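Novice:
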Amino acid sequence: MLNKSQFKTILSTYPIGEYKEHKYLEDVFENDVYILKTTKGKYILKVLRNIKVGDMKEQLELIDFLYSKGLPVVKNIKDRKGREISKHGGKWLLIQGFVEGTCEQDFDKKLVKNIAGHVGKMHKILLKSKFGVQRKKDHVYKKRNLSSIKKHGLDKIQNELFKELNERIDRSKLKKARIHSDLTNVNLLIKDNKLNAIIDWDDSDYDYLVYEIAIFLAHSCVRGKQIHRGKIKIFMKEYQKHVKLNEEEKKAIYFLMKYRLFGILNWYLKYIKSHSERKEMLERGIKRSVRRILKFEKVGVEDFLEKCF
């Protein structure tokens, strides 16, 4: 972790004031993240791990573009040489403006509508920009942790899902752009029951717009013992005020939600191997994820389309 002296050295290369104090965020897995207070304000400093510099620069360019359009994203801070990422002590660093807000565990219908509006506006803007031009091959769906999936009795469900993704979806009809790719509660800062900022764009990539929607809905509307069809319907209605979905896209959301539910499970399976100190929390997440998959499996695609659109 960085110490006070290192922070002072880093800040000497930025026009954002002198060091006052910092706080290390414990619950972040991918990077080392700090809340940094200076004489000019509050910021977020990230020590970036395993980055591809070219892709990171494009990610920051995307954030800058969305910020310029008035969308709820953080401001990237440039150092005195005009760089948004810089190297200190052999490590790549990024500083961003601090945005007030909390990561809520649950979203009520009013907040779901608010988030849908922002996502719809963002996608509409992206489609008309250079970030709406596909620069990579289509999404490649992969099966992961096969032995663990089989252990939990989910292998048949997963095999059928991949068959449906490959045979029942005409991907040529799915709109694409560079999206956030991880619209979950931990990446959505909420203030006064409204979306204040979309943070952490590290998973951003070129993908289907409906995959972005499916990610949000899988995390926020398939919870506990309930599938919140009412919230899904509210999201779809508000989103489509900005971007209309064709029938193929609506159908794809169902299958991609199921795909994301497997992705949630795989996240826990991945980190339980490398974070033994959090084993109890991760095991609870695995059990919860299995229940969510089994719950959503009871919903057919026709039922989903009828009750959620």
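Numbering (our numbering), first residue to last: -11 to 297. The beta carbon of each residue, even a glycine, is placed where N, CA and C say it ideally should be. Every value quoted in this text rests on a predicted model; they were computed, and no experiment measured them.
(1) Could you pull out every unbroken alpha helix (DSSP H) segment of at least 4 residues lying fully inside the stretch 186 to 236, listed in chain order?
(2) From VAL21 to TYR12, what distance separates their C-alpha atoms?
(3) Below 7 Å between beta carbons: does that hold for LEU171 and PHE119?
(4) Just how far apart, CA to CA, sit TYR196 and TYR2?
(5) Return the first residue and the last residue of the beta strand (DSSP E) that ILE73 is part of.
(6) Could you pull out every residue in the same chain whose Cβ sits closer than 8 Å to the Cβ of LEU99, ignoring the five residues on either side in sequence?
(7) With distances taken from CA atoms, which of ASN133, GLU237, PHE150, ILE215 is nearest SER160?
(8) With DSSP collapsed to three states, give me the class of ASN184.
(9) Cα-Cα, which of VAL121, ALA206, LYS229, ASP158 is closest to ASP193?
(10) Quick one: what does DSSP say GLY120 is sitting in, helix, strand or coil?
(11) What ranges does the beta strand (DSSP E) occupy inside the stretch 8 to 83, keeping only unbroken runs of at least 3 residues that lie completely in it?
(12) Straight-line CA distance for ASN38 to TRP80?
(13) In whole angstroms, what is the alpha-carbon distance linking GLN299 and SER169?
(14) With DSSP as the reference, please indicate the residues paired to LYS164 in a beta bridge.
(15) Considering only their Cβ atoms, is the gap separating ASP67 from SER56 smaller than 7 Å?
(16) Pick helix, strand or coil for ILE178, following the three-state DSSP scheme.
(17) Using C-beta distances below 6 Å, list every residue in its chain close to ARG266, excluding the 5 sequence neighbours before and after it, in chain order.
(18) Which residues in the same chain have their Cβ closer than 7 Å to the Cβ of GLU226, if we skip the five residues on either side of it in sequence?
(19) When the Cα of ILE83 is compared with those of LYS219, LYS283, LYS63, which residue comes out closest?
(20) In angstroms with no decimal places, state the Cα-to-Cα distance between TYR31 and ARG156.
(21) Since LEU162 and LYS246 are thought to touch, with beta carbons under 8 Å apart, how far apart are those beta carbons, to the nearest angstrom?
(22) Whole angstroms is fine: what's the gap from SER117's alpha carbon to CYS296's?
(23) For GLY141, name the three-state secondary structure that DSSP assigns.
(24) Tell me whether the beta-carbon of GLU46 lies closer than 7 Å to the beta-carbon of THR27.
(25) Tell me whether the stretch 210 to 220 and the stretch 128 to 141 touch, counting them as touching only if at least three CB pairs, one residue from each stretch, are closer than 8 Å.
(26) For THR(-3), which of helix, strand or coil comes out of DSSP?
(27) Among SER264, ASN154, PHE223, which one has its Cα closest to the Cα of TYR129?
(28) So which of GLY85, LYS229, LEU249, MET269 has the shortest CA-CA distance to SER277?
(29) I need the straight-line Cα distance from ASP94 to ASP291, nearest angstrom please.
(30) Give a yes or no on whether the C-beta atoms belonging to ASN19 and LYS40 are separated by under 7 Å.
(31) Just verifying my parser: in three-state terms, what is the DSSP assignment at GLY85?
(32) Rounded to whole angstroms, what's the CA-CA distance from ARG132 to ILE281? Just pull it up for me.
Specialist: Reading it off the structure:
(1) Under the rule that a run must span 4 or more residues, the alpha helix (DSSP H) segments found entirely inside the stretch 186 to 236 read 197 to 209, 217 to 227.
(2) 6 Å
(3) no
(4) Approximately 37 Å between the Cα atoms of the pair.
(5) 73 to 76
(6) GLU92, ILE178, ASN181, LYS182, LEU183
(7) GLU237
(8) strand
(9) VAL121
(10) helix
(11) Listed in chain order, the beta strand (DSSP E) runs fully inside the stretch 8 to 83 are 20 to 26, 29 to 36, 73 to 76, counting runs of at least 3 residues.
(12) 9 Å
(13) There is no way to answer for residue 299, as the model of the chain reaches only from -11 to 297.
(14) TYR196
(15) no
(16) In the three-state scheme derived from DSSP, where H, G and I count as helix and E and B as strand, ILE178 is classed as strand.
(17) none
(18) LYS101, ALA104, GLY105, GLY108
(19) LYS63
(20) 46 Å
(21) LEU162 to LYS246, Cβ: 16 Å. No contact.
(22) 30 Å
(23) coil
(24) no
(25) no
(26) helix
(27) Looking only at SER264, ASN154, PHE223, the smallest Cα-Cα distance to TYR129 is reached by ASN154.
(28) Measuring from the Cα of SER277, the nearest candidate turns out to be LEU249.
(29) 24 Å
(30) Result no, Cβ atoms of ASN19 and LYS40 do not sit closer than 7 Å.
(31) strand
(32) 15 Å
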